[in-house]
Structures are given as structure tokens and as C-alpha cells.
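There are 2 protein chains.
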Amino acid sequence: MARKQGSHADITGPRLREAALRLFARHGFAAVSMRQIAAEVGVQAGALYLYTPDKQALLFDLMRDHLEDLLADWAPPEAPPLMQLESFVRHHIRYHLDRPDLVFIAYMELRNLDPANFAVIEGLRRDYETRLEAILRRGRAAGVFDVADTKLATMALIAMLTGVTTWYREGGRLDRATVEALYWDMARKAVAAA
Amino acid sequence: MARKQGSHADITGPRLREAALRLFARHGFAAVSMRQIAAEVGVQAGALYLYTPDKQALLFDLMRDHLEDLLADWAPPEAPPLMQLESFVRHHIRYHLDRPDLVFIAYMELRNLDPANFAVIEGLRRDYETRLEAILRRGRAAGVFDVADTKLATMALIAMLTGVTTWYREGGRLDRATVEALYWDMARKAVAAA
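Protein chains in written order, with the UniProt record's numbering: chain A, 1 to 194; chain B, 1 to 194.
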């Protein structure tokens with residue numbers, strides 16, 4: 001991303017988002033004040049309002065950007081369904097392991113979104129789910145997947161994969177490549193035709 | 001449970017827990033005050049302290065009782081590993097669909113537990129995971145499961161199954177029996193030997 005030299009907006013904006021993300025993840029959206037966020041960024045509380053209208057807008061921006069980035073970062077390759085599924089699974093694991101705080105907030109703070117914002121976030125989430133479901137449908141039509149209900153299987157696979165963020169620790173017993181391979185193995189088998 | 005007639009403690013205690021659970025789930029632990037909980041129960045704030053030392057104790061009790069109930073409610077049947085796994089999966093789905101608020105809080109409010117309380121909750125959670133892992137180990141030893149890492153497979157299966165609470169709605173497109181059967185099908189295949 002281009003950054004104008006000496007522009008406070010270009011520097012403070014990202015720092016503000018990082019501070020908000022860190023505080024929301026640690027204490028929860030409802031428990032964090034704009035004053036605390038300002039202190040974390042190192043500016044006066046009043047200065048925050050140059051960058052964001054309110055805390056709700058901060059939360060919404062974090063969630064929307066997370067999902068838009070996720071959607072922009074991956075598209076199904078031109079390939080048979082099994083290879084598309086492998087690409088989806090491996091990308092999902094990598095992407096989510098890189099952003100545990102965002103994943104946690106994007107799930108946990110849904111209840112704190114205004115209805116209009118909630119609708120936008122739900123739409124983006126559904127777009128992502130629809131991509132996986134399309135792969136499962138194609139694979140079922142081709143006879144390589146045996147999935148009784150593609151919507152349920154989509155939700156089950158995404159929950160299984162996203163759960164990696166709740167237990168994986170960098171430098172732990174299993175390295176990332178192994179974790180990714182093991183999840184792919186389970187996902188593949190879970191939807192495989194007999 | 002026996003209930004003494006006319007005992008306020010026996011009536012207010014459960015109502016207090018229900019109110020706390022409802023409010024924590026809706027607004028988050030950090031955003032809810034003892035005063036709000038008292039108002040929800042319909043008593044003076046001071047009266048709450050007859051039943052609980054503080055908000056932290058309320059949260060800890062909810063989580064501990066949830067996990068102790070879960071552990072008390074299911075034990076592996078004397079059966080081959082595949083039947084034990086089926087029993088675990090079906091019970092997990094049923095139990096969690098009955099308690100979406102508790103499931104949400106037990107995951108989301110872990111960060112708000114005092115360290116000593118966190119250690120107790122983590123221990124109970126591990127006891128539950130260990131039961132599933134033992135089934136996977138037995139099945140692998142018997143050659144009916146193909147699981148490269150039983151710990152990872154345990155976490156993956158539990159995340160997949162628990163995720164049902166994020167999308168299932170009573171009276172929706174799929175009934176409970178179907179949902180349970182479809183999750184069991186995916187779980188079975190995910191760990192099956194080729």
C-alpha cells in the first residue's frame with residue numbers, strides 16, 4: 001500500500017485499527033472505551049474522531065475489511081473439485097492462523113453490530129460460504145464427493161478448520177505445514193465418496 | 001433436585017444464574033453489571049451478594065457447572081470404538097443444541113476468568129477432550145480409524161460439532177435428527193480407515 005510521507009492520517013489510521021483490534025480481542029467490544037483506544041494509540045480521545053465516527057464504525061470496519069480481504073485473497077483455481085477443495089482448506093487454515101484476533105472478534109462481536117452493519121457482514125460471510133458450497137456441489141455432481149446436504153457440510157467444514165485458531169500455538173508440538181496437511185486429510189475424507 | 005418449599009435461596013439461586021447467563025450471552029460479561037443482573041432477577045443489588053460473592057464467581061460457576069454437567073451426562077458405552085464415537089458425536093450435538101448460550105459463553109468468556117478459575121475450566125475441558133481422544137486411540141489401535149494425530153483430530157471434531165450451535169435454528173430447514181445424522185456421517189468418515 002502506498003503511504004504518503006509525513007501524513008498523519010496514513011499512519012494513525014492503521015495504528016488506530018490495530019489498537020482497537022487488540023483491545024476488543026482482549027477485553028471485548030462493550031468493555032472498551034474510545035478513551036482507552038486513544039490512550040493505546042497515544043493520541044487525545046478527541047483526535048480519534050478525525051479517523052472514525054464512533055466505536056461501532058471501528059468494529060464494523062474491522063469485520064468488513066477482514067471478510068473482504070479473505071474474499072480477495074482466495075478464489076477457486078480452475079481445477080477439478082478435489083483440487084479446489086484442497087486449495088480452499090489450505091488457504092483457510094493459513095489465513096486464519098495469521099489472524100487469530102480478527103477471527104475471534106469476527107465471530108464473537110457479531111451481536112454488537114448494528115442491524116444494518118450486521119446485514120453487510122452476514123452477506124460477506126455468506127459469500128465466502130457460498131464459494132465452498134459451490135465446490136461441494138460440483139464435486140457431488142462429478143461423483144467425487146458424497147455430501148447429503150451441501151449447506152450443512154459447508155458449515156461443518158468451516159467450523160472444523162476455523163477451530164485451529166483456538167488451540168494452535170506457534171512453536172508448539174506441530175508445525176504449520178503438518179497442521180495444514182492433517183486438516184486437509186480430515187476435510188477430504190469427511191466429504192469423500194465411498 | 002429437591003427444593004425446600006418457601007426457601008428463597010432455592011428459587012433465587014437458579015433465577016440468578018439464568019439471568020446472568022442471558023445477560024452475559026447478550027451483552028458480554030464485561031458489559032454487564034451486578035445491578036443489571038439484580039434488575040433482571042427483580043431483587044435489590046445488595047440481595048445478590050447473599051447468593052454469590054461477585055460477578056466473577058457467577059461466570060465461573062456457570063462455566064464449571066456446564067462442563068461438569070457435560071462430563072456427568074455422558075460416558076463412553078462398553079462398545080467397539082466406532083460405536084463409542086457415534087455415541088459421543090450424537091450426544092455432543094444434542095447437548096450443545098440444547099444450550100447455545102452456555103456454549104457461546106464457555107468459549108467466549110474464557111479470557112475474563114481469573115487465572116485460578118481459568119485453570120479449573122481448562123482442566124474440565126481437557127477431561128472432556130481426553131475422553132474423545134481415548135476413543136480415537138482405541139480405534140486407531142484396532143485399525144478402524146486412520147488418524148495421524150489423535151490430539152489434532154480431537155480438536156477438529158469437537159470444533160466441527162460445536163459449530164452446529166452457530167447456524168442451527170429450531171423449526172428451520174433441517175430437523176434435529178437429520179442434523180445429528182449428517183454430522184455423525186461426516187465425523188465417521190473424517191477419521192475412518194481407508
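Cβ coordinates follow ideal geometry from the N, Cα and C atoms, glycine included. A quick note: this is a predicted structure, and the numbers were derived from the prediction, not measured.
Opening and closing residue of the alpha helix (DSSP H) in which residue i lies
i, result
"Gln36 of chain A", "34-41"
"Pro100 of chain B", "100-108"
"Pro76 of chain A", "First-last for Pro76 of chain A: undefined, no H or E at that position."
"Ala31 of chain B", "Counting along the chain, Ala31 of chain B falls outside any alpha helix (DSSP H), and DSSP gives it neither H nor E."
"Gly139 of chain A", "115-141"
"Val191 of chain B", "176-191"
"Leu48 of chain B", "45-48"
"Ala153 of chain B", "150-162"
Contacts that residue i makes with chain B (C-beta to C-beta distance below 8 Å)
i, result
"Val103 of chain A", "By Cβ distance, chain B contributes nothing, its closest Cβ being about 12 Å from Val103 of chain A, past 8 Å."
"Tyr183 of chain A", "Leu152, Ala156"
Anticipated Cβ contact below 8 Å, residue i with residue j, distance rounded
i, j, result
"Ala159 of chain B", "Met160 of chain A", "5 Å"
"Gly28 of chain A", "Ala25 of chain B", "That belief does not hold up - the Cβ atoms of Gly28 of chain A and Ala25 of chain B are roughly 13 Å apart, past 8 Å."
"His91 of chain B", "Val164 of chain B", "Not a contact, Cβ separation roughly 13 Å."
"Val41 of chain B", "Ala19 of chain B", "5 Å"
"Met186 of chain A", "Ala194 of chain B", "The pair is not a contact, with the Cβ atoms about 13 Å apart (cut-off 8 Å)."
"Leu152 of chain A", "Val179 of chain B", "7 Å"
"Leu102 of chain A", "Leu21 of chain A", "7 Å"
"Leu59 of chain B", "Glu109 of chain B", "6 Å"
"Thr12 of chain A", "Tyr51 of chain A", "6 Å"
"Val89 of chain A", "Trp167 of chain A", "The Cβ separation is near 17 Å, so there is no contact."
"residue 195 of chain A", "Ala39 of chain A", "The structure shown does not extend to residue 195 of chain A, since chain A spans only 1 to 194, so no value can be given for it."
"Arg169 of chain A", "Pro81 of chain A", "The pair is not a contact, with the Cβ atoms about 33 Å apart (cut-off 8 Å)."
Under 7 Å by beta carbon: chain A residues contacting residue i
i, result
"His27 of chain B", "Ala30"
"Ala190 of chain B", "Met186, Lys189, Ala190"
Closer than 9 Å at the beta carbon, the chain B residues around residue i
i, result
"Arg131 of chain A", "Result: empty, since nearest Cβ-Cβ is about 17 Å, beyond 9 Å."
"Leu174 of chain A", "Asp149, Lys151, Leu152"
Interface residues of chain B facing residue i [CB-CB closer than 7 Å]
i, result
"Leu58 of chain A", "Those do not exist, as Leu58 of chain A stays about 16 Å from chain B at its closest Cβ, beyond 7 Å."
Residue i: contacting residues in chain A (beta-carbon distance under 8 Å)
i, result
"Val179 of chain B", "Leu152"
"Trp167 of chain B", "Met155"
Listed from N- to C-terminal order along the chain, which residues in the region 149-165 of chain A have their beta-carbon within a distance smaller than 9 Å of any beta-carbon of chain B?
Cβ contacts with chain B come from Asp149, Lys151, Leu152, Ala153, Met155, Ala156, Leu157, Ile158, Ala159, Met160, Leu161, Thr162, Gly163, Val164.
Identify each residue in the region 83-114 of chain B for which the Cβ-Cβ distance to at least one residue of chain A is less than 9 Å, and report them in chain order.
The residues in question are Phe104, Tyr107, Met108, Glu109, Arg111, Asn112.
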